[in-house]
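Chains A and B supply the protein sequences, listed in that same order.
Heads up: the first sequence at position 103 corresponds to 103 in this note's numbering, and the numbers run straight through without jumps.
Heads up: the second sequence at position 188 corresponds to 188 in this note's numbering, and the numbers run straight through without jumps.
These notes concern the structure reproduced below.
Number of protein chains: 2
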Amino acid sequence: MTKKPTDGGRSYRVGSVSHALDLIDHVVSGPSSGLSLAELTALMELSKSSTYALARTLVDHGYLRGVGQPPRYQLGMALVRLGDRASSSIPLTDICRPVLVKLSQETGLTSRAAINDNGYPVFISRVDSPGPIRFYTPLGVREVPHTSSAGKAMLAMMPAERVRQIVAETGMAARTPKSITTIAELSADLDITRKRGFAIDDEEDDLGVFCIGAAFFRHGSEPAGAVSTTGIKQDRAARQIDVLGRSVQAAADEITQLLTGLERTDF
Amino acid sequence: MTKKPTDGGRSYRVGSVSHALDLIDHVVSGPSSGLSLAELTALMELSKSSTYALARTLVDHGYLRGVGQPPRYQLGMALVRLGDRASSSIPLTDICRPVLVKLSQETGLTSRAAINDNGYPVFISRVDSPGPIRFYTPLGVREVPHTSSAGKAMLAMMPAERVRQIVAETGMAARTPKSITTIAELSADLDITRKRGFAIDDEEDDLGVFCIGAAFFRHGSEPAGAVSTTGIKQDRAARQIDVLGRSVQAAADEITQLLTGLERTDF
DNA sequence: AAACACGTTCGGTATTACCGAACAGTGTTC
DNA sequence: GAACACTGTTCGGTAATACCGAACGTGTTT
């Protein structure tokens with residue numbers, strides 16, 4: 001008897017498509033060397049032959065590619081195109097990129113821009129630092145608001161009641177010993193953030209890593225998103241935080257200006 | 001009696017998944033404002049209710065999002081994440097990015113890197129010019145080799161027989177009046193390219209646009225890909241082409257060094 | 001209020017997605 | 001060198017379901 005454990009309701013969905021997208025998710029979460037059909041089958045709740053048919057279909061469309069013989073399934077080129085289009089379809093992406101480039105040059109760090117997705121920051125654009133240091137900073141995923149500088153920068157500009165509601169949804173799990181875990185601490189931090197003009201994540205999300213973030217706006221109400229810059233925690237950085245903060249703030253302000261200022265001058 | 005006119009074979013594929021991916025393709029090709037269900041139904045070879053079920057499934061997984069009421073379907077956030085992971089899973093992407101950043105700063109133009117996908121260039125990484133000029137340069141799509149500087153740069157480094165085979169596949173359609181359309185012209189151009197060290201696309205792909213490209217290598221055999229830089233054709237640019245060419249060449253050489261030189265020094 | 005658009009819901013049926021088992025390669029072990 | 005263990009691939013058969021067409025709401029236009 002087959003059942004769909006991930007499907008509570010009985011609404012209008014196509015099961016096999018769900019399976020296919022689950023399969024892609026498994027490949028995403030898997031090692032970059034890819035997954036074999038056998039490994040995929042173990043992860044899927046389907047038979048080997050069905051998994052095979054799904055994989056073949058996805059390969060046909062370029063969503064996956066089977067490298068080597070026997071094939072190991074990795075993400076395909078078509079997804080690069082889709083992701084590029086998807087992020088371009090968010091108008092913010094194009095607006096942010098040049099600002100981020102400048103910010104990365106100024107600070108020498110990796111900088112990113114997130115949009116406000118119902119209180120959660122979702123990073124949509126990233127410019128790596130000119131230096132050799134790289135961070136694992138995936139795009140397109142919802143981050144936890146209370147341990148990221150972008151999240152806190154946005155929260156600081158929202159009414160207290162809204163903040164309470166947002167963190168109630170996600171909880172306040174500690175990602176490191178330095179994470180903020182109570183609403184009281186958070187409010188205090190947000191107060192400081194508001195006065196200071198930018199948010200600081202001091203090893204609250206990853207040990208050894210700090211972030212500085214500032215929100216930007218579109219219509220004056222809730223923040224439209226935030227920019228942030230990320231670096232490794234070092235003694236020398238501590239003294240520069242004020243300088244970095246001002247750069248980040250300036251970048252956020254520039255984006256706000258671009259968003260609110262000239263609304264469609266060209267067409 | 002229903003039949004699938006686009007389906008000749010009877011191989012192991014999942015039809016509804018194909019339909020779903022086709023639906024995504026239509027959204028990609030559609031306007032950035034999105035498509036309504038009715039518009040999608042017109043494009044798909046399915047009934048309205050079936051298209052509806054597919055769209056809902058894709059929205060559930062974040063591949064699409066329905067904005068507004070009535071909903072217009074646009075590409076979803078999940079694709080940003082997938083695309084980011086997909087391009088990161090190509091080791092070249094990370095290697096190329098810092099080189100491209102430097103190249104863009106040097107030249108003041110948009111620069112890109114393509115991998116060699118069976119003779120076709122597929123651009124996987126892009127760094128926009130610091131200036132205000134933007135080009136429509138989508139990532140992840142197979143470009144035509146004979147009208148792009150990246151393509152010609154790669155072809156120039158392949159044996160003549162291989163070149164003949166590749167252009168036989170794609171044909172030599174003219175994209176502009178200045179496009180190369182015969183194999184003889186192409187060979188001559190490739191000879192010059194080889195001697196010069198970099199390829200030039202002088203309004204052969206788009207009028208008013210020039211590109212300069214150079215190939216990079218991994219194992220000494222066929223080129224692994226190419227970098228290129230793109231600008232608008234102007235008088236002053238003509239004199240600088242040699243300077244730009246050398247920058248592009250240097251960037252390609254740097255990538256070659258990174259690829260062939262230190263193979264896994266760290267782990 | 002009638003007409004039209006749109007998205008959504010509903011039964012019913014024929015299609016097909018799915019399974020389990022058999023087949024075919026490849027490298028390893030006895 | 002045969003048996004094994006492990007891949008990915010192919011094959012019928014059946015129960016599930018993807019699909020269709022029509023009906024239903026809801027909002028906008030005549």
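Cβ coordinates follow ideal geometry from the N, Cα and C atoms, glycine included.
In the assembly as shown, residue 249 of chain A is a buried residue. Its beta-carbon has 16 or more other beta-carbons within 10 Å. A Cβ-Cβ distance of about 12 Å is found for the pair residue 176 of chain A and residue 144 of chain A, leaving them out of contact under the 8 Å criterion. Shown here for residue 90 of chain B: same chain residues with a beta carbon closer than 8 Å to its own, the five before and five after excluded, namely 115 and 124 in chain order. By alpha-carbon distance to residue 54 of chain B, the top candidate from A:44, A:231 and A:13 is A:13.
In the structure shown, residue 71 of chain A falls within a coil segment according to DSSP collapsed to helix, strand and coil.
A Cβ of chain A is located within less than 8 Å of the beta carbon of residue 77 of chain B. Under a 10 Å Cβ-count criterion, residue 186 of chain A is classified as buried, with 16 or more other Cβ atoms of the shown protein chains found around its own Cβ.
Contact note: residue 139 of chain B reaches chain A through 80, 81 and 84, using a C-beta cutoff of 7 Å and chain order. Between residue 139 of chain A and residue 80 of chain B, the CB-CB gap stays under 8 Å. Listed along chain A, the residues sitting closer than 7 Å to residue 53 of chain B by beta-carbon distance are 12, 13 and 14. Every alpha helix (DSSP H) stretch that sits fully inside the segment 180-212 of chain B and reaches 4 residues is listed by chain position as 183-196.
The beta carbon of residue 141 of chain A lies closer than 8 Å to those of 122 and 123 in the same chain, with the five residues before and after it left out.
Taking all protein chains shown into account, residue 24 of chain B has 16 or more neighbouring C-beta atoms within 10 Å of its C-beta and is therefore buried. With contact defined as three or more Cβ pairs closer than 8 Å, the segment 212-229 of chain B and the segment 145-162 of chain B are in contact. According to the DSSP assignment, residue 227 of chain A belongs to the beta strand (DSSP E) that extends over 223-232. By the criterion of a C-beta distance shorter than 7 Å, residue 198 of chain B is surrounded in its chain by 153, 212, 213, 214, 245, 248 and 249, once the five residues flanking it on both sides are discounted. In the DSSP assignment, residue 121 of chain B is bridged to B:116. Interface with chain A (8 Å Cβ-Cβ cutoff): residue 247 of chain B is excluded.
As DSSP reads the structure, residue 246 of chain A sits in no beta bridge. Within the same chain, 224, 259 and 260 come within 7 Å of residue 218 of chain B by CB-CB distance, once the 5 residues on both sides are set aside.
Burial state of residue 42 of chain B is exposed, judged by a 10 Å Cβ sphere holding fewer than 16 other Cβ atoms. Neighbours of residue 74 of chain A in chain B, taken as residues at a C-beta separation under 7 Å, are given in chain order as 89.
The residues 72, in chain order, have a CB closer than 6 Å to that of residue 36 of chain B in the same chain once the five nearest residues on each side in sequence are set aside.
Interface annotation for the segment 41-67 of chain B against chain A: 49, 50, 52, 53, 54, 56, 57, 58, 60, 61, 62 and 63, criterion Cβ-Cβ distance under 9 Å. In this structure, DSSP gives residue 162 of chain A a helical state, which the three-state scheme calls helix. For residue 179 of chain B, not one C-beta of chain A is nearer than 8 Å to its own C-beta. Per DSSP, reduced to three states, the secondary structure at residue 66 of chain A is strand.
The CB of residue 97 of chain B comes closer than 8 Å to the CB of 128 in chain A, given here in chain order. Residue 214 of chain B has B:227 as its beta-bridge partners, per DSSP. DSSP links residue 127 of chain B through a beta bridge to B:111. Under the Cβ distance rule, residue 228 of chain A does not count among the residues neighbouring chain B, no pair being separated by less than 8 Å. Taking C-alpha positions only, residue 27 of chain A is separated from residue 222 of chain B by approximately 29 Å.
With fewer than 16 neighbouring CB atoms inside 10 Å of its own CB, residue 257 of chain A falls in the exposed class. Nearest C-alpha to residue 111 of chain B among B:119, B:22, B:127 and B:166: B:127.
Residue environment: residue 161 of chain B is assigned as exposed (fewer than 16 neighbouring CB atoms within 10 Å of its CB, all protein chains considered). With contacts defined by Cβ atoms closer than 8 Å, residue 74 of chain A and residue 34 of chain A form a contacting pair.
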